[in-house]
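Quick note on our numbering: the sequence shown kicks off at 59 and runs consecutively.
Backbone N, C-alpha and C fix where the C-beta goes; we use that ideal spot for every residue, glycine too.
Written below as structure tokens is the structure these notes are about.
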Amino acid sequence: MSTTIGYTAESVGYVIGAQGLVSFASQTLFGTEWGWLHKVVDLPPAASLGIVAVGLALVLVGVKTRKAPARQEAR
Numbered sequence: 059m060s061t062t063i064g065y066t067a068e069s070v071g072y073v074i075g076a077q078g079l080v081s082f083a084s085q086t087l088f089g090t091e092w093g094w095l096h097k098v099v100d101l102p103p104a105a106s107l108g109i110v111a112v113g114l115a116l117v118l119v120g121v122k123t124r125k126a127p128a129r130q131e132a133r
């Protein structure tokens, strides 16, 4: 079960982090709003970096939650 939770948290983290990064880049570099984050909430560029940090934290939690596969010794 922890493997499923790990993959799910990791996947959600990638999506959230990517949306935060796209939001930050579009606001900072182009002065426009890209992605779907601006349709949910209006954030300044600095807060978008916070969203990126939340996404990275979820990715790390997902990776740590997954169990390493059992190694079999060669005979």
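By the beta-carbon neighbour count (other beta carbons within 10 angstroms, threshold 16), Ser-106 is buried. Gly-113: member of the alpha helix (DSSP H) spanning 103-123, first to last residue. In the structure shown, the three-state DSSP call for Thr-66 is helix. With a 10 Å radius around the Cβ and a threshold of 16 neighbouring Cβ atoms, Val-73 comes out exposed.
Here Val-99 is exposed. Its C-beta has fewer than 16 other C-beta atoms within 10 Å. With respect to the 9 Å criterion, Gly-93 and Val-110 are not classified as neighbours on the basis of their beta carbons.
In this structure, the straight-line span from the alpha carbon of Gly-120 to that of Thr-62 is close to 9 Å.
Taking the CA atoms as reference points, Gly-78 sits about 8 Å from Gly-113.
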